[in-house]
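J.: Sending over a structure as structure tokens; questions will come in a sec.
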Amino acid sequence: MLKGRLANQEASSIPPTAKMLILSFVPVFLGLGFLQIVLGAWLVTVGFTAEQAGLLIAAQGIAVVLTSIPLGIISDVYGRKQLLVLGNLAGAAALLVFALTTNFLYLISASVALGFAEGAAVTTWNALLADLTDNSNRNRVFSLSFIMINVTTGIGLVLPGAFPALQSLTGLTNYTLHRQILLILGLASFISPLMFYILLRNHRETHNPERRWSGLTNKGTLAKLGFVASTIGFGAGFIIPLVGAWFYYRFNVSDSYSGPILAFSNILIGFSAYAGPRLATRFGQMRAIILVTGSSMLFMLSMAFIPIFALAAGVYIVRSALMNMAGPLMDSFSMSIFPAEQRGLVSALSNITFRLPNSLSTYFGGVILGLGLLQLPFFIASAFYITGLTAFYIFFVTTKRYAAQIASLS
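Each residue of the sequence shown is one higher than the one before, starting from 718 at the first, in the working numbering.
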């Protein structure tokens, strides 16, 4: 009976409200994708120092970490929809600040606001999608959300590639084009909170009718998830965020070549998440996570031995596609094994346990690449992947308890 219920997880269609909510997030992620280029590459060309650009990025990350846990508790106690709308209003306003000024103090404030917005999204989005779905369609909904985020962010990343042609056609300078696109995307981002308000205004949140925080009653399960996320996140940080730099050191390929490849791959591999629910139906959700994450690790490890840029880039795209299959399945799994009144905080803690170790190891990965040890990051990353996957198998796959929880919790 249990096996049959799990095997037919994907029978139900995606709820219309969930689908419209996902599509409503498109303007924000277009803006965030473009902002990544602005922070990472453009600001230093218009008078900002690399340290200032790094501080803007760091301010956002610190704000996410500091706000996620309290916002997660607020989400679980008072509901998701108001916090989601408020966070997206703050994010849209922050994007608009980047369009209207180059004053560093204002931009720091905007970066903190973006961190708050991300914290609000982290603690509400997955939990809200889980609340709107059940085990018959949750994997499909999380996969659609994952595709939307990757594709729209990727489009935002490649927008500057059209600027040379636009400069020729319009006579506008590169600086003016960046400012105008930031303004357009900033204004468009206000569509998202408006749509969230319209779609959720009649949505009743029943996961915590007494408006009390019950605390975490299953800390052991959260600790297990945290261990898996932190080991895989720590391992990935040694090379994945630095793969553009690795292409340069290994093949002498500049970001003018590797950047568009990585950006377009972000768009293309986003659609690979469609395969995740099918694998979950065939092999079971937990085994599918191990299958695609383990396969991704093997492709990542093989990059250390590839002598040709084109082949290495292709292998990296396959690796990323496999991880994109695992991402929504893991999100769906973590939401399914916790009750609705705890999902906001669990989502926040899951994000932190991956993000903090990942950020830390990226620094060490950069040091290793700087020493010319171009294979070592892949070996270290693979060792941590193996540790995390082994732990996931022992913690979750070898026991029937979590499969039963997935079947019983909606």
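Glycine included, C-beta positions come from ideal geometry on N, C-alpha and C.
No experiment lies behind these values; they were computed from the predicted model shown.
1) Hey, how far is the Cα of residue 977 from the Cα of residue 1048?
2) Compare the Cα-Cα distances from residue 960 to each of 860, 865, 920 and 1030 and report the closest residue.
3) Helix or strand or just coil, what does DSSP make of residue 721?
4) In three-state DSSP terms, what is residue 935?
5) Answer yes or no: do residue 739 and residue 826 have a C-beta to C-beta separation smaller than 8 Å?
6) Is DSSP giving residue 1068 helix, strand or coil here?
7) Looking only at C-alpha atoms, which of 985, 949 and 1039 sits nearest to residue 1067?
8) Could you give the first and the last residue of the continuous alpha helix (DSSP H) run that contains residue 835?
9) Would you call the CB atoms of residue 840 and residue 789 closer than 8 Å?
10) Do residue 741 and residue 981 have their C-beta atoms within less than 8 Å of each other?
11) What are the uninterrupted segments assigned as alpha helix (DSSP H) that are 4 or more residues long and contained completely in the stretch 1019-1075, given in chain order?
12) Taking only three categories from DSSP, how would you classify residue 857?
13) What residue from 1013, 1085 and 845 has the CA that sits closest to residue 1052's CA?
14) Helix or strand or just coil, what does DSSP make of residue 727?
15) Measure how close the beta-carbons of residue 1003 and residue 955 come, nearest whole angstrom, since I'm counting them as under 8 Å.
16) Just to confirm my understanding: we take residue 898, look at its own chain, exclude 5 residues before and 5 after, and list those with CB closer than 7 Å. What are they?
17) Between residue 785 and residue 990, is the Cβ-Cβ spacing less than 8 Å?
18) The alpha helix (DSSP H) spanning residue 808 covers which residue range?
19) Where does residue 774 fall in DSSP's three states?
20) If you draw a straight line from the alpha carbon of residue 764 to that of residue 1005, how long is it in whole angstroms?
21) When you compare only the Cα positions, how much space is there between residue 1127 and residue 1057?
22) For a quick check, are the C-beta atoms of residue 1028 and residue 872 less than 8 Å apart?
23) For residue 727, which residues from the same chain have a beta carbon less than 8 Å from its beta carbon, with the 5 sequence-adjacent residues on both sides left out?
24) Cutting at 8 Å between CB atoms, please list the residues of its own chain near residue 732, excluding the five before and the five after it.
25) Consult DSSP for residue 784 and reduce its assignment to one of helix, strand or coil.
26) The alpha helix (DSSP H) that contains residue 994, what's its start and end?
27) Taking 8 Å as the threshold (C-beta atoms), are residue 900 and residue 754 in contact?
28) Helix or strand or just coil, what does DSSP make of residue 895?
29) Distance, Cα to Cα, residue 660 vs residue 819?
30) Mapping DSSP to helix, strand and coil, what is residue 1094?
31) Can you check which of these residues, 768, 795, 735 and 811, is closest to residue 749 by C-alpha distance?
32) Can you tell which of 958, 1021 and 761 has its C-alpha closest to the C-alpha of residue 967?
33) Determine, using beta carbons only, whether residue 1071 and residue 947 come nearer to each other than 8 Å.
34) Would you mind giving the Cβ-Cβ distance between residue 1094 and residue 1082, rounded to the nearest angstrom? I have them listed as a contact below 8 Å.
T.: According to the structure data:
1) Distance between the alpha carbons of residue 977 and residue 1048: 28 Å.
2) Each of 860, 865, 920 and 1030 was checked against the Cα of residue 960, and the nearest Cα belongs to 1030.
3) Annotation note: pLDDT 44 at residue 721 (below 50); position unreliable, coordinate value reported separately. Correct three-state label for residue 721: helix.
4) coil
5) no
6) helix
7) 949
8) 821-848
9) yes
10) no
11) Whole alpha helix (DSSP H) segments, 4+ residues: 1026-1053.
12) Assigned with DSSP and collapsed to three states, residue 857 falls in helix.
13) 845
14) Residue confidence for residue 727 is low, a pLDDT of 44 falling below 50, so the modelled location carries little weight; the figure read from the coordinates is stated next. If DSSP states are grouped into helix, strand and coil, residue 727 belongs with the helices.
15) 26 Å between Cβ atoms; not a contact.
16) 751 and 876
17) no
18) 798-817
19) helix
20) 48 Å
21) With a pLDDT of only 48 at residue 1127, under 50, the local geometry of the prediction cannot be trusted, and the value read off the model is given with reservation. One C-alpha to the other measures close to 8 Å.
22) no
23) The predicted model places residue 727 with a pLDDT of 44, which falls under 50 and marks its position as unreliable; any figure quoted below should be read in that light. These residues qualify, in order along the chain: 853, 854, 856, 857, 994, 995, 997 and 998.
24) 849, 850, 854 and 858
25) helix
26) Residues 992-1000.
27) no
28) helix
29) Here the chain covers residues 718 to 1127 and nothing more, so residue 660 does not appear.
30) helix
31) 811
32) 1021
33) yes
34) Contact between residue 1094 and residue 1082 holds, with the beta-carbon distance rounding to 5 Å and staying under 8 Å.
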